[in-house]
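Participant:
2 protein chains.
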Amino acid sequence: MFPPPPSRPLRVARKQPSPRTLHSAEIELLQQHSLTSLVQRELERQIVSGELASGAKLNEADIAGELRVSRGPVREAFRALEQAGLVRLEKNRGVFVRQVSLEEANEIYEVRAALDGLIGRLAARRIRPEQLARVRAIVKRMHAVGRARDADAYFPLNLEFHEVLAEAAGNRALRANYRRVVNELDLFRRETLVRNAQNIPISTRDHEAILNAVVKGDSALAERLLFEHVINSRERLHLALKNPPARAPRSARKAA
Amino acid sequence: MFPPPPSRPLRVARKQPSPRTLHSAEIELLQQHSLTSLVQRELERQIVSGELASGAKLNEADIAGELRVSRGPVREAFRALEQAGLVRLEKNRGVFVRQVSLEEANEIYEVRAALDGLIGRLAARRIRPEQLARVRAIVKRMHAVGRARDADAYFPLNLEFHEVLAEAAGNRALRANYRRVVNELDLFRRETLVRNAQNIPISTRDHEAILNAVVKGDSALAERLLFEHVINSRERLHLALKNPPARAPRSARKAA
DNA sequence: AGATTGCGGATTGTTGACAATCTGCAATAT
DNA sequence: ATATTGCAGATTGTCAACAATCCGCAATCT
């Protein structure tokens with residue numbers, strides 16, 4: 526096992542006798558973040574992007590070495606990531622990328638449905654014109670992608686659709702909670718790797734109906750449609766898991 | 526400023542040559558928790574109990590000294606508490622017990638309403654007999670306390686009522702999210718110190734109606750009633766803030 | 001007088017070292 | 001052959017020291 530080539534260091538050069546003039550914005554931005562927060566962000570990125578597989582073990586020393594940082598900030602980042610639901614800590618054993626079981630995912634889906642319902646209710650009333658334009662554009666692209674049965678292209682569009690609506694709801698607490706829940710569900714989806722192109726037309730129809738409700742400002746309808754959309758997504762996921770489409774459905778990877 | 530008398534140490538005696546026999550349960554329980562998790566739990570307790578006032582500054586060295594622990598575990602606990610929404614970190618400045626503004630509280634109330642709605646929907650279907658008995662008993666005590674206009678006694682009953690329902694919903698992810706949200710709201714309520722005895726009868730009537738819906742297993746009704754109960758609580762809070770009952774309403778304490 | 005600059009103490013950020021625990025494997029015993 | 005014991009290396013938990021930053025106050029300048 527070779528030590529990976531040390532990637533770009535996170536460190537914000539401690540001593541900065543460099544005469545190069547920094548614009549004040551740059552200075553403040555760099556000074557704002559501690560090493561811990563940078564490590565946290567980087568690990569979060571690697572986890573949600575799938576670079577770090579579900580269930581993978583995170584070695585303190587290795588990560589510290591790769592990011593050119595001592596173990597302290599890494600440990601602090603671990604504590605934050607645990608609260609965020611992205612990793613699991615086992616005392617004296619190590620930390621692992623969280624594995625979300627089907628049962629957990631089912632529960633999380635319900636929470637997400639409730640939050641998405643509220644998002645619909647609020648967004649229908651508060652969405653701003655430029656946000657509405659973005660949603661329209663996304664749905665338009667969904668149609669194109671759907672005709673091509675391109676599941677890989679559809680996936681990020683789906684995320685973006687819901688992201689814009691969450692923003693349009695104009696409630697920061699709601700958005701923060703929503704993000705956390707979606708992150709956890711992504712952990713599960715990444716593990717199961719189920720992306721059924723068959724469902725794209727159904728999903729797109731859902732999105733179109735939601736968009737229409739938001740356009741009309743019908744908050745009750747938008748709420749109901751979004752809630753049901755999430756629950757239906759869950760059911761479609763169950764079906765896909767029972768009838769594995771082509772690839773293996775559940776690679777029950779354990780910790781390394 | 527005298528150094529506070531060092532309270533009981535958290536430390537789980539490193540070397541334990543003590544011959545006293547420990548029951549296996551004790552051993553496992555102590556070994557399970559790292560100092561970090563114990564510090565975290567202790568600080569969380571102090572914050573939600575109000576021992577640490579909203580906005581108070583938490584000094585690493587002081588806390589470490591009081592708990593007989595080095596600064597490392599304290600810093601790790603801070604990171605976890607930040608993600609839990611209980612403290613705010615300012616780089617190179619320190620950590621402070623989070624202050625929840627009225628605007629934030631309004632947003633959080635909406636999130637709580639959505640989660641409580643889901644709790645009602647699920648609890649109406651899944652509540653078990655002994656949980657139902659507990660809810661009945663709580664509502665009964667609420668009536669007694671309400672007749673006495675005893676706001677201090679009513680407050681914990683209110684918490685317990687919702688806690689039991691959250692448990693009855695039988696969804697761990699929901700319960701975890703709900704707890705976090707309620708914690709944040711408690712932060713706000715503790716700051717405003719509004720406990721209006723006038724509202725007890727109204728609140729109790731709400732709870733009774735919710736209980737009836739749950740008994741009937743009417744999930745749609747329970748969902749609606751719980752959602753509206755939370756929103757109405759928020760409105761009552763607004764009224765109480767506008768018409769300060771007796772004591773000063775908003776003691777805008779800044780950091781120490 | 002009011003604003004600015006320059007210490008000095010206090011506090012936070014980071015690091016490396018040490019202690020404790022776990023894991024895997026080999027040696028031994030049954 | 002199987003189970004148990006006892007290392008040795010690797011990994012995590014904790015700590016104390018060092019570096020960097022911030023804050024308040026006095027000295028200085030305009």
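Chains A and B supply the protein sequences, listed in that same order.
When the letters of the first sequence are read in order and numbered with our numbering, they come out as residues 526 to 781.
When the letters of the second sequence are read in order and numbered with our numbering, they come out as residues 526 to 781.
Note that the Cβ used here is the ideal one computed from N, Cα and C, for glycine as well.
A quick note: this is a predicted structure, and the numbers were derived from the prediction, not measured.
Would the beta-carbon of A/G742 fall within 9 Å of that of A/R593?
Facilitator: Walking along the first sequence from the start, residue 742 of chain A turns up at place 217. Walking along the first sequence from the start, residue 593 of chain A turns up at place 68. Cβ distance not < 9 Å, so A/G742 and A/R593 don't count as in contact.
Participant: So which residues of chain B does A/G642 contact, with C-beta pairs closer than 9 Å?
Facilitator: Position 117 of the first sequence, counting from 1, holds the residue named residue 642 of chain A. Identification of chain B residues near A/G642 by a Cβ-Cβ cut-off of 9 Å yields A639, G642 and L643, ordered along the chain.
Participant: How far does the alpha helix (DSSP H) with A/E628 in it extend, from its first residue to its last?
Facilitator: Translated into positions along the first sequence, residue 628 of chain A becomes position 103. L627 to R651 is the span of the alpha helix (DSSP H), which, as asked, contains A/E628.
Participant: Buried or exposed for B/N696, please, with buried defined as at least 16 other CB atoms from any protein chain shown within 10 angstroms of its CB.
Facilitator: For the purposes of this step, residue 696 of chain B is identified with residue 171 of the second sequence, where counting begins at 1. Result: buried.
Participant: Does B/R566 come out as helix, strand or coil in the three-state DSSP assignment?
Facilitator: Here residue 566 of chain B is taken as the residue at index 41 of the second sequence, counted from 1. Correct three-state label for B/R566: helix.
Participant: Can you tell me the Cα-Cα spacing of A/A738 and A/I663, whole angstroms?
Facilitator: Translated into positions along the first sequence, residue 738 of chain A becomes position 213. Translated into positions along the first sequence, residue 663 of chain A becomes position 138. Between A/A738 and A/I663, the C-alpha separation is close to 16 Å.
Participant: Report the residue from A/L766, A/L710 and A/F680 whose alpha carbon sits nearest the alpha carbon of A/E632.
Facilitator: Start at 1 with the first residue of the first sequence, and residue 632 of chain A comes out as number 107. Measuring from the Cα of A/E632, the nearest candidate turns out to be A/L710.
Participant: Step through the CB atoms of chain B and report whether any lies within less than 9 Å of the CB of A/E709.
Facilitator: Residue mapping note: residue 709 of chain A aligns to position 184 of the first sequence, counting from 1. Yes - at least one Cβ of chain B is within 9 Å of the one on A/E709.
Participant: Count the other C-beta atoms from every protein chain shown that fall within 10 angstroms of the C-beta of A/H687, then say buried if there are 16 or more, exposed otherwise.
Facilitator: Taking the first residue of the first sequence as 1, we reach residue 687 of chain A at position 162. A/H687 comes out buried.
Participant: Is it right to say B/L699 is buried, meaning 16 or more other beta carbons lie within 10 angstroms of its own, or is it exposed?
Facilitator: Along the second sequence, read from residue 1 onward, the residue named residue 699 of chain B stands at position 174. The residue in question, B/L699, is buried, as its Cβ has 16 or more Cβ neighbours within 10 Å.
Participant: Which residues does DSSP list as the beta-bridge partners of B/E615?
Facilitator: On the second sequence, residue 615 of chain B is found 90 positions in, with the first residue counted as 1. Answer by DSSP bridge pairing, in chain order: B/G619.
Participant: In angstroms, rounded to a whole number, what distance separates the CA positions of A/I573 and B/L560?
Facilitator: Indexing the first sequence from 1 puts residue 573 of chain A at position 48. Indexing the second sequence from 1 puts residue 560 of chain B at position 35. Inspection of the sequence shows that residue 573 of chain A is occupied by Val rather than by Ile. Between A/V573 and B/L560, the C-alpha separation is close to 29 Å.
Participant: A/V755 versus chain B: which residues are under 9 Å apart at the beta carbon?
Facilitator: Within the first sequence, the letter at position 230 stands for residue 755 of chain A. Per Cβ cutoff of 9 Å: no residues; A/V755 is ~11 Å from chain B at best.
Participant: Figure out for me which residue from A/R749, A/G645, A/A630 and A/E607 has the closest Cα to the Cα of A/A694.
Facilitator: Mapped onto the first sequence, residue 694 of chain A falls at position 169. Distance check between A/A694 and each of A/R749, A/G645, A/A630 and A/E607 places A/G645 closest, using alpha-carbon atoms only.
Participant: Run through the DSSP bridge pairs and tell me what B/L583 is partnered with.
Facilitator: Taking the second sequence and counting its residues from 1, the one referred to as residue 583 of chain B is at position 58. Within the DSSP secondary-structure output, B/L583 pairs in a beta bridge with B/V620.
Participant: Relative to the C-alpha of A/H754, which candidate in A/S744, A/S626, A/A578 and A/D731 has its C-alpha closest?
Facilitator: Here residue 754 of chain A corresponds to residue number 229 of the first sequence, with the count starting at 1. The candidate whose alpha carbon is nearest that of A/H754 is A/D731.
Participant: CA-CA distance, B/D675 and B/N724?
Facilitator: As a first step, residue 675 of chain B is located in the second sequence; it is residue number 150 there, counting from the start. As a first step, residue 724 of chain B is located in the second sequence; it is residue number 199 there, counting from the start. Approximately 11 Å, taken between the alpha carbons.
Participant: Output, in chain order, the set of chain A residues within a Cβ distance shorter than 7 Å of B/Q557.
Facilitator: Position 32 of the second sequence, counted from the start, is the residue given in the question as residue 557 of chain B. K616, listed in chain order.
Participant: Spatial neighbours of A/V636 within its chain, please: CB distance less than 8 Å, with the 5 preceding and 5 following residues excluded, ordered by chain position.
Facilitator: Here residue 636 of chain A corresponds to residue number 111 of the first sequence, with the count starting at 1. Only V706 meet the Cβ criterion.
Participant: Distance cutoff 9 Å, beta carbons only. Does B/R705 sit that close to anything in chain A?
Facilitator: Within the second sequence, residue 705 of chain B is the residue found at index 180, counting from 1. Interface residue, yes.
Participant: Compare the Cα-Cα distances from B/A747 to each of B/N708, B/R759, B/R761 and B/A691 and report the closest residue.
Facilitator: In the second sequence, the residue the question calls residue 747 of chain B occupies position 222. Checked all of B/N708, B/R759, B/R761 and B/A691; the closest Cα to B/A747 is B/A691.
Participant: For B/Q565, collect the residues of the same chain with a Cβ closer than 7 Å to its Cβ; drop the 5 residues on either side in sequence, then sort them by chain order.
Facilitator: As a first step, residue 565 of chain B must be located in the second sequence, where it is residue number 40. Only A602, A605 and L606 meet the Cβ criterion.
Participant: Could you check what DSSP says for B/V670 in three-state terms: helix, strand or coil?
Facilitator: The residue labelled residue 670 of chain B in the question sits at position 145 within the second sequence. It is helical.
Participant: Is A/G590 helix, strand or coil when you go by DSSP?
Facilitator: Locating residue 590 of chain A in the first sequence gives position 65, where the first residue counts as 1. Correct three-state label for A/G590: helix.
Participant: Return the chain-ordered list of same chain residues with a C-beta closer than 7 Å to the C-beta of B/R715, the five sequence neighbours on each side being excluded.
Facilitator: Taking the second sequence and counting its residues from 1, one reaches residue 715 of chain B at position 190. Correct list, in chain order: G575 and S579.
Participant: Using a Cβ-Cβ distance cut-off of 9 Å, determine whether B/G597 contacts chain A.
Facilitator: Against the second sequence, residue 597 of chain B aligns to sequence position 72. For B/G597, the answer is yes, since a Cβ of chain A falls inside 9 Å of its Cβ.
Participant: How many Å lie between B/L751 and B/R659 at the Cα?
Facilitator: On the second sequence, position 226 is the one that residue 751 of chain B refers to. On the second sequence, position 134 is the one that residue 659 of chain B refers to. Approximately 18 Å, taken between the alpha carbons.
Participant: At 7 Å on the CB atoms, spell out the chain B contacts of A/L699, in chain order.
Facilitator: Taking the first residue of the first sequence as 1, we reach residue 699 of chain A at position 174. Going along chain B in sequence order, the residues near A/L699 (Cβ under 7 Å) are E632, E635 and V636.
Participant: Measure the C-alpha to C-alpha separation of B/D677 and B/R623 and round it to an integer number of angstroms.
Facilitator: Here residue 677 of chain B is taken as the residue at index 152 of the second sequence, counted from 1. Here residue 623 of chain B is taken as the residue at index 98 of the second sequence, counted from 1. When rounded, the distance between both Cα atoms is 24 Å.
Participant: Leaving aside the five residues before and after B/R761 along the sequence, list all residues of the same chain whose C-beta is less than 6 Å from its C-beta, in chain order.
Facilitator: Stepping through the second sequence from its first residue, residue 761 of chain B is reached at position 236. Excluding positions up to five away in sequence, the list reads N724.
Participant: Suppose you measure from the CA of B/Y473 to the CA of B/L764; what does that come to, to the nearest Å?
Facilitator: In the structure as shown, chain B starts at 526 and stops at 781, and residue 473 of chain B therefore has no counterpart that could be examined.
Participant: In terms of residue numbering, what span does the alpha helix (DSSP H) encompassing B/S595 cover?
Facilitator: The residue given as residue 595 of chain B occupies position 70 in the second sequence. Where B/S595 is concerned, there is no enclosing alpha helix (DSSP H), given that its DSSP letter is neither H nor E.
Participant: What span of residues does the alpha helix (DSSP H) with A/L736 cover, start to end?
Facilitator: Start at 1 with the first residue of the first sequence, and residue 736 of chain A comes out as number 211. Start and end: I725 to K741.
Participant: Would you mind reading off the limits of the alpha helix (DSSP H) that contains B/A694?
Facilitator: The residue labelled residue 694 of chain B in the question sits at position 169 within the second sequence. For B/A694, there is no enclosing alpha helix (DSSP H), as DSSP marks it with neither H nor E.
Participant: How big is the Cα-Cα spacing for B/R672 and A/V620?
Facilitator: Position 147 of the second sequence, counted from the start, is the residue given in the question as residue 672 of chain B. Position 95 of the first sequence, counted from the start, is the residue given in the question as residue 620 of chain A. Looking at the two C-alpha atoms, the distance is approximately 52 Å.
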